[in-house]
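Visitor: Numbering of the sequence shown is given in our numbering, commencing with residue 38 and proceeding in unit increments.
The beta-carbon is built from N, C-alpha and C at its ideal position, and this holds for glycine as well.
My questions all concern the structure below.
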Amino acid sequence: MGKHIERRTLLKSFAAAPVLLSPLAAGCAKHGSTTKAGTLNIGQISNSVAFFPLFVAEEKGYFKDEGIKLGDRPRLGTGAKVAAALKSGSIDLGAGVLTDAFNLAKSSEPGQTRVLSSLVTEYYVDIVVGKSFDGPGDGASLEERTKALVGKKIGITGPGSGTEALVTYLFDGVGRKAKTDATLVNLGSAATSAIGALKSGRVDALSFFQPIGQQVEAVGAGRILISPARGDVKDVTGALHGVVFSTQKLLKKKRKEVEGFQRAIKRAQQDVQGDPDTVRQLLEKYLKDSDPKALDALVPILRREMPQSPELTKEPYEVARRFHQDSGLVDKTPEFGDIKA
Numbered sequence: 038m039g040k041h042i043e044r045r046t047l048l049k050s051f052a053a054a055p056v057l058l059s060p061l062a063a064g065c066a067k068h069g070s071t072t073k074a075g076t077l078n079i080g081q082i083s084n085s086v087a088f089f090p091l092f093v094a095e096e097k098g099y100f101k102d103e104g105i106k107l108g109d110r111p112r113l114g115t116g117a118k119v120a121a122a123l124k125s126g127s128i129d130l131g132a133g134v135l136t137d138a139f140n141l142a143k144s145s146e147p148g149q150t151r152v153l154s155s156l157v158t159e160y161y162v163d164i165v166v167g168k169s170f171d172g173p174g175d176g177a178s179l180e181e182r183t184k185a186l187v188g189k190k191i192g193i194t195g196p197g198s199g200t201e202a203l204v205t206y207l208f209d210g211v212g213r214k215a216k217t218d219a220t221l222v223n224l225g226s227a228a229t230s231a232i233g234a235l236k237s238g239r240v241d242a243l244s245f246f247q248p249i250g251q252q253v254e255a256v257g258a259g260r261i262l263i264s265p266a267r268g269d270v271k272d273v274t275g276a277l278h279g280v281v282f283s284t285q286k287l288l289k290k291k292r293k294e295v296e297g298f299q300r301a302i303k304r305a306q307q308d309v310q311g312d313p314d315t316v317r318q319l320l321e322k323y324l325k326d327s328d329p330k331a332l333d334a335l336v337p338i339l340r341r342e343m344p345q346s347p348e349l350t351k352e353p354y355e356v357a358r359r360f361h362q363d364s365g366l367v368d369k370t371p372e373f374g375d376i377k378a
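Written out as structure tokens, the structure reads:
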């Protein structure tokens, strides 16, 4: 690029950009990390529950213990923007979902995209409906609950996201197409926007990451209709979902920092499995202004969903691969050995 762009300005441009890998990102794609040795810039989609271990590690000083200084920590809004920031080198690590890593792999040279950390091994997107939703209850079959969504306006974070993937998969299972038999509404990742859209009737349902469903139920604005994480969608039980990913070039340049990052995340994940009261206190700091009932509901859920180590393992990855291919979200997915960092 002919003109130097400051890293912070570049990150802001990604947060505002609407496309997957923008021309700006494509133009910067050959750049390596822009950070100094000992520093990691970590971008994430949002403050969804998957990224809670990053907060714990930062809050409890685990990164500092490893000699790692955290630089920019942008919330970029979508996984596509996280991938674009990785391609530019303006962040070193991206916290998103496996869908984002697959999309980056598709647009990159073979073997260049790597998944570093396993954060959540359940598909933590819920289908949430508003109070006025006239449909089947929790005891109904998955087919009945899915059919009740046909013709509805369903809020998702954005196209190509894991939230869209769940709707696509569910509709395919009942012989329908989400893009024609429902209206998918792109809402971004902000919790307030999503819940506001449901309350106002702008959408009839949400396909959104935890903790949106728990927050909706806590304030009496609706209920969780379908939750893969509680076992409603058997084919995705135990799927790798929340991840930290990067590029081979960035990981090679930041090898020591990445090793320290993994150790810090492991300590944080073990904390999540520790004293429930301490976990709740940390969760309250992370999810500011959340209803206490939502926090109470989330603590046991997180302990079930989060592994005790960030090391990538094959079985959850293969479950996720099948889901992505069966849903048609991606045409081809890397073999386990080709994506594991």
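1) When the Cα of Asp272 is compared with those of Pro353, Ala117, Ala305, Gly174, which residue comes out closest?
2) Assuming Ile79 contacts Asp129 under a Cβ cut-off of 8 Å, what Cβ separation, rounded to an integer in Å, is found between them?
3) Which value, in whole angstroms, describes the spacing of the CA atoms of Phe245 and Leu186?
4) Of the choices Gly192, Arg340, Lys118, whose alpha-carbon is the least far from that of Val166?
5) How many Å lie between Phe373 and Tyr161 at the Cα?
6) Where do the ends of the beta strand (DSSP E) carrying Arg317 lie?
7) Closest to Asp333 by C-alpha separation, out of Leu179, Leu320, Phe360, Leu156, would be which residue?
8) Look up Thr370 in the DSSP assignment and say whether it is helix, strand or coil.
9) When the Cβ atoms of the segment 361-378 are set against those of the segment 142-150, are three or more pairs found closer than 8 Å?
10) Would you tell me roughly how many angstroms separate the C-alpha atoms of Ala227 and Glu294, rounded to the nearest one?
11) Name the residue from Ser346, Asp175, Val253, Leu91 whose alpha carbon lies nearest to the alpha carbon of Ser230.
12) Can you give me the C-alpha to C-alpha distance between Ala122 and Arg151, rounded to a whole angstrom?
13) Assign Ala74 to buried or exposed, taking buried as 16 or more other Cβ atoms, counted over all protein chains shown, within 10 Å of its Cβ.
14) Who are the near neighbours of Ser364 in its chain, counting only those whose CB is closer than 6 Å to its CB and skipping five residues on each side?
15) Can you tell me whether DSSP reads Phe170 as helix, strand or coil?
16) In the structure shown, what three-state DSSP assignment does Ala185 receive?
17) Does the contact criterion of 3 or more C-beta pairs under 8 Å hold for the segment 323-337 versus the segment 109-117?
18) If you reduce the DSSP assignment to three classes, tell me which class Leu339 lands in.
19) Cutting at 6 Å between CB atoms, please list the residues of its own chain near Val356, excluding the five before and the five after it.
20) From the DSSP output, in three-state form, read off Ser198 for me.
Guide: So, to answer that:
1) Pro353
2) 7 Å
3) 15 Å
4) Gly192
5) 21 Å
6) Premise fails: Arg317 lies in the alpha helix (DSSP H), 313-323, not in any beta strand (DSSP E).
7) Looking at Leu179, Leu320, Phe360, Leu156, the one whose alpha-carbon comes closest to that of Asp333 is Leu320.
8) Reduced to three states, the DSSP call for Thr370 is coil.
9) Yes, they touch.
10) 30 Å
11) Val253
12) 15 Å
13) exposed
14) Ala202, Thr205, Tyr206
15) coil
16) coil
17) no
18) helix
19) Gly275, Ala276
20) In the structure shown, Ser198 adopts coil according to DSSP, grouped into three states.
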